[in-house]
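>
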Amino acid sequence: MSRPTPTTPPTMLPTTVSARRTTPLALLALAVGAFGIGTTEFVMMGLLPEVADDLGVSIPSAGHLVSAYALGVVIGAPLLAAVTARMSRRKVLMGLMGLFIAGNALSAFAPNYDYLLAARFLSGLPHGAFFGVGAVVATSMVPPERKARSVSLMFLGLTVANVVGVPVATAMGQQLGWRATFLGVSVIGAAAIAALALLIPHDRVGAPVTGLRGELAALRSLPVWLALGTTVAGFGALFSAYSYITPMLTDSAGYADSSVTLLLALFGVGATIGNLVGGRLADHSMRGTLFGGLVSLIAVLGAFPLLMSTAWSAALAVVLLGVAAFVTGSPLNLMVMERASTAPSLASSANQAAFNLANAGGAWIGGLALAAGFGVTSPALVGAGLAVLGLGVAGIAYVVETPSVGRGRVVASHVPVRAEKVHH
Numbered sequence: 140m141s142r143p144t145p146t147t148p149p150t151m152l153p154t155t156v157s158a159r160r161t162t163p164l165a166l167l168a169l170a171v172g173a174f175g176i177g178t179t180e181f182v183m184m185g186l187l188p189e190v191a192d193d194l195g196v197s198i199p200s201a202g203h204l205v206s207a208y209a210l211g212v213v214i215g216a217p218l219l220a221a222v223t224a225r226m227s228r229r230k231v232l233m234g235l236m237g238l239f240i241a242g243n244a245l246s247a248f249a250p251n252y253d254y255l256l257a258a259r260f261l262s263g264l265p266h267g268a269f270f271g272v273g274a275v276v277a278t279s280m281v282p283p284e285r286k287a288r289s290v291s292l293m294f295l296g297l298t299v300a301n302v303v304g305v306p307v308a309t310a311m312g313q314q315l316g317w318r319a320t321f322l323g324v325s326v327i328g329a330a331a332i333a334a335l336a337l338l339i340p341h342d343r344v345g346a347p348v349t350g351l352r353g354e355l356a357a358l359r360s361l362p363v364w365l366a367l368g369t370t371v372a373g374f375g376a377l378f379s380a381y382s383y384i385t386p387m388l389t390d391s392a393g394y395a396d397s398s399v400t401l402l403l404a405l406f407g408v409g410a411t412i413g414n415l416v417g418g419r420l421a422d423h424s425m426r427g428t429l430f431g432g433l434v435s436l437i438a439v440l441g442a443f444p445l446l447m448s449t450a451w452s453a454a455l456a457v458v459l460l461g462v463a464a465f466v467t468g469s470p471l472n473l474m475v476m477e478r479a480s481t482a483p484s485l486a487s488s489a490n491q492a493a494f495n496l497a498n499a500g501g502a503w504i505g506g507l508a509l510a511a512g513f514g515v516t517s518p519a520l521v522g523a524g525l526a527v528l529g530l531g532v533a534g535i536a537y538v539v540e541t542p543s544v545g546r547g548r549v550v551a552s553h554v555p556v557r558a559e560k561v562h563h
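Note that the working numbering has the sequence shown beginning at 140, numbered continuously upward.
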């Protein structure tokens with residue numbers, strides 16, 4: 140496989156004391172956007188009864204609103220990242236949040252089910268591209284030894300959304316009506332745009348070495364597809380179990396239905412811990428963190444039938460599942476980016492599409508085990524098998540990686556970006 144054309148390295152690194160001080164604030168701005176996106180992605184699951192009752196549709200039909208959002212992510216992630224490749228990344232991030240606000244505002248005022256279905260699809264379109272472009276911006280502002288940590292700090296907004304944003308938004312929808320929830324999420328989006336405008340450094344984008352065709356060509360690389368396959372299998376393992384965590388907790392561990400919300404918040408705590416730990420460890424050894432995380436996920440899911448036998452061990456299992464799964468988040472994202480060094484934004488966005496495919500595929504495969512009558516904890520064992528598959532794909536990916544990709548190191552983007560004075 141040919142070596143990528145040498146390019147001018149990005150110069151968005153914080154080279155002055157003032158710039159170094161702005162970097163945590165810039166990452167905070169990205170985390171605010173991630174918080175809003177994470178909230179709107181998962182809150183619909185908690186509002187299905189209210190939405191179904193208000194719009195006069197069945198619960199299964201209301202469930203299609205979750206699928207419409209995921210479909211928007213899968214389609215929008217690579218498409219928007221590719222068509223905005225020549226634009227200023229700061230402006231792209233702000234534009235994506237504008238689209239996010241539009242989708243959620245239209246959801247709030249949707250007159251019927253069909254309009255809400257279209258609005259949810261629109262809300263999902265900017266999801267993957269925001270995280271993809273945001274990951275490139277985050278890594279371009281820090282030294283090489285802190286790249287994984289910077290990505291984990293951006294994704295912190297997504298994991299915190301599961302701990303705080305989703306429960307609060309769900310309670311708001313139950314008390315004030317589901318439309319109020321989407322108006323509230325729109326306000327979060329507006330706050331994110333303000334934070335991005337104030338805290339993300341201005342950048343100038345020179346003429347890219349490759350156009351849209353070159354961006355898409357980067358996805359023809361076998362190592363890129365192996366990295367994306369690792370994401371699908373690894374997070375498919377998570378969602379195979381997590382999609383059916385409620386019946387496991389109630390039917391196997393003996394928890395009351397009213398306790399499930401608190402236990403799901405514990406999963407968010409575990410995911411937050413895993414995300415932060417994974418980012419820090421991946422800066423020392425990306426390969427070791429990825430492999431270690433997948434092995435841990437296999438162990439946790441394999442032990443689920445035993446852990447779900449008592450209340451206290453079931454609560455521990457929920458936390459450990461979040462930790463083990465999200466330890467792999469930052470190294471997986473960087474793994475994809477470095478194997479598509481000429482199109483990191485597009486590759487990182489495609490990784491978000493892979494994550495959503497893992498969500499849908501994992502839930503489907505886990506459901507097959509339940510439907511076959513293998514027991515309420517059987518989806519976790521299916522997930523352990525998917526994690527083994529992910530570990531195997533990750534191993535193959537490292538065997539076939541190209542000489543042009545540094546091991547454990549992200550290759551600089553081909554789009555030269557120069558930091559200017561940050562206006563506050």
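Don't be surprised by glycine CBs; every beta carbon is placed ideally from N, CA and C.
Out of P217, M184, I332, point me to the one whose CA is closest to R259's CA.
Cα-wise, what sits closest to R259 is M184.
> Would you mind working out which of M476, N498, G500 sits nearest A489, comparing C-alpha positions?
Nearest C-alpha to A489: M476.
> Alpha carbon to alpha carbon, what distance is there between M447 and P265?
The straight-line gap from Cα to Cα measures roughly 37 Å.
> P217 and A479 - do their beta-carbons sit closer together than 8 Å?
No, the Cβ-Cβ distance between A479 and P217 is not below 8 Å.
> Apply the 10 Å Cβ neighbour rule to N251 and answer buried if 16 or more other Cβ atoms are within range, or exposed otherwise.
So N251 counts as exposed.
> Drop a sphere of 10 angstroms on the beta-carbon of P199, count the other beta-carbons inside from all chains shown, and report buried for 16 or more, exposed for fewer.
The residue is exposed, with fewer than 16 neighbouring Cβ atoms inside 10 Å.
> Thinking C-beta only, is A463 closer than 8 Å to G432?
Yes, they are a contact pair.
> Hey, would you say V539 sits closer than 8 Å to L365, going by beta carbons?
The answer is yes: Cβ separation under 8 Å.
> Determine whether the beta carbon atoms of T278 and L186 lie at a separation below 8 Å.
No.
> So for N498, helix, strand or coil by DSSP?
Here N498 sits in helix by DSSP.
> Please report the distance separating the alpha-carbon of A453 from that of F443.
So the alpha carbons of these two residues sit roughly 8 Å apart.
> Tell me the DSSP secondary structure of V348 in three-state form.
At V348, the pLDDT of 48 sits below 50, so the modelled position is not reliable; the number obtained from the coordinates is stated separately. Of the three classes helix, strand and coil, the one that applies to V348 here is coil, per DSSP.
> Which residue from L509, F513, I412 puts its Cα closest to that of S291?
Among L509, F513, I412, the Cα nearest to that of S291 belongs to I412.
> Give the range of the alpha helix (DSSP H) segment to which H266 is assigned.
Residues 252-279.
> Going by beta carbon distance, what residues of the same chain come within less than 7 Å of T467, once the five residues before and after it are set aside?
Correct list, in chain order: G373, G417, L429, G432, L433.
> Determine, using beta-carbon pairs with one atom in the region 368-383 and one in the region 504-522, whether at least three such pairs fall under 8 Å.
Counting Cβ pairs under 8 Å, three or more are found: they touch.
> Looking at C-alpha atoms only, which residue of A209, P483, E189, V171 is the closest neighbour of A497?
For the residues A209, P483, E189, V171, the minimum Cα distance to A497 belongs to A209.
> Thinking G296 and G461 are a contact (beta carbons under 8 Å), I'd like their distance in whole angstroms, please.
The Cβ separation is near 16 Å, so there is no contact.
> Within 10 angstroms of the Cβ of E284, are there 16 or more other Cβ atoms? Answer buried if so, exposed if not.
So E284 ends up on the exposed side.
> How long is the line joining the alpha carbons of L368 and L528, rounded to whole angstroms?
Here residue 368 turns out to be Gly, not Leu, going by the sequence shown. Each residue's alpha carbon lies about 9 Å from the other.
> Does the beta-carbon of V299 have 16 or more other beta-carbons within 10 angstroms, so that it is buried, or is it exposed?
Buried is the call here.
> Checking 8 Å against the spacing of the C-beta atoms, do L525 and S517 come in under that value?
Cβ atoms of L525 and S517: not closer than 8 Å.
> Taking the alpha-carbon of L455 as reference, which of L261, L235, L420, V408 has the nearest alpha-carbon?
Comparing Cα positions, the closest option is V408.
> Can you find the residues in the same chain that come closer than 8 Å, C-beta to C-beta, to L194, ignoring five residues on each side of it along the sequence?
The answer, listed in chain order, is A201, N251, Y252, L255.
> Which whole-angstrom value describes the C-beta separation of V190 and L204, a residue pair presumed to lie in contact below a C-beta threshold of 8 Å?
Sure, about 7 Å apart at Cβ, within 8 Å.
> From what residue to what residue does the alpha helix (DSSP H) around A310 run?
Taken as a continuous stretch (DSSP letters only), the alpha helix (DSSP H) holding A310 covers 305-315.
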